[in-house]
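Going letter by letter, the sequence shown gives residues 979 to 1113 in our numbering.
Note that the Cβ used here is the ideal one computed from N, Cα and C, for glycine as well.
As C-alpha cells, the structure follows; a few thoughts come after it.
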Amino acid sequence: MTIIPILASAGITGFESPAGDYRQLPLSLDELLVEHPSATFVGKASGDSMQGVGIFDGDILIVDRHVTARDGDVIVANLNGEFICKLLDVPHRLLLSANDKYSSVAITQHDTFTIEGVVIRSIRCHRQSPLLCSR
C-alpha cells in the first residue's frame, strides 16, 4: 500500500503535492484491520445508540469472535434473538448504550444471551459503497 501523507487544516490556501514524499509499506487493509481472519466478520451499525463511542448509523463494524470480551468492550451480542451492539458492563450484567437517550439493558436469567464478538474496529464510509447497499 502506498501511503501519501497529507497534512491539512482548516483554512488551507494551498499545499505541496502529496505525492512528492510518499513511502511504500508492505501493508494491506486486511492486515491493518483484521487480526484473526477466520474468526472475524463484518457488520453494519444501525441506529444512534453508540454515537458516544464514535459508532454512527451505517458504520461498518469489524467484529472479532476470537477476542475475549472484557468489561467496557463494545460487543455485538444476540439478546433474545436480536443482534445488538452495546458496551458490556460485566459486574452489573448490563448492556449499555453510548447515548443518554437510551437506558441500559439488564441481562437476566430468563434472557437468551450470547456474545457474538468484540468490535475491534469501526469504519465510516463517506460515500455509499455498492457492496454495502441493501438489496
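Can you name the start and end residues of the alpha helix (DSSP H) that serine 1009 belongs to? For the purposes of this step, residue 1009 is taken as the residue at position 31 of the sequence shown. Before going on, a small fix: residue 1009 reads as glutamate here, not serine. Here the alpha helix (DSSP H) through glutamate 1009 covers 1007-1011.
Sequence-distant residues of the same chain with beta carbon closer than 6 Å to arginine 1043, five excluded per side: One-based indexing of the sequence shown puts residue 1043 at position 65. Cβ within range, chain order: Ala1017, Gly1095.
Taking the alpha-carbon positions, what's the glutamine 1029 to alanine 1076 distance? Looking up residue 1029 in the sequence shown gives position 51. Looking up residue 1076 in the sequence shown gives position 98. Each residue's Cα considered, the two are about 6 Å apart.
Excluding the 5 residues flanking valine 1012 on each side, which residues of the same chain have their C-beta closer than 6 Å to its C-beta? Looking up residue 1012 in the sequence shown gives position 34. Cβ neighbours of valine 1012 beyond the five flanking positions: Thr1018.
How would you call isoleucine 982, buried or exposed, if buried means at least 16 neighbouring beta carbons within 10 angstroms? As a position in the sequence shown, residue 982 is number 4, starting the count at 1. Here isoleucine 982 scores only 48 on pLDDT, less than 50, and its place in the model should not be relied on; the value that follows carries that caveat. Burial call: exposed.
Under 8 Å between the Cβ atoms of aspartate 1049 and aspartate 1067? In the sequence shown, counting from the first residue as 1, residue 1049 sits at position 71. In the sequence shown, counting from the first residue as 1, residue 1067 sits at position 89. Yes, the pair counts as a contact, with Cβ atoms nearer than the cut-off.
Are the beta-carbon atoms belonging to isoleucine 1062 and leucine 1072 less than 8 Å from one another? Mapped onto the sequence shown, residue 1062 falls at position 84. Mapped onto the sequence shown, residue 1072 falls at position 94. No, the pair does not count as a contact, with Cβ atoms beyond the cut-off.
Does valine 1083 come out as helix, strand or coil in the three-state DSSP assignment? Within the sequence shown, the letter at position 105 stands for residue 1083. In this structure, valine 1083 counts as strand in the three-state DSSP scheme.
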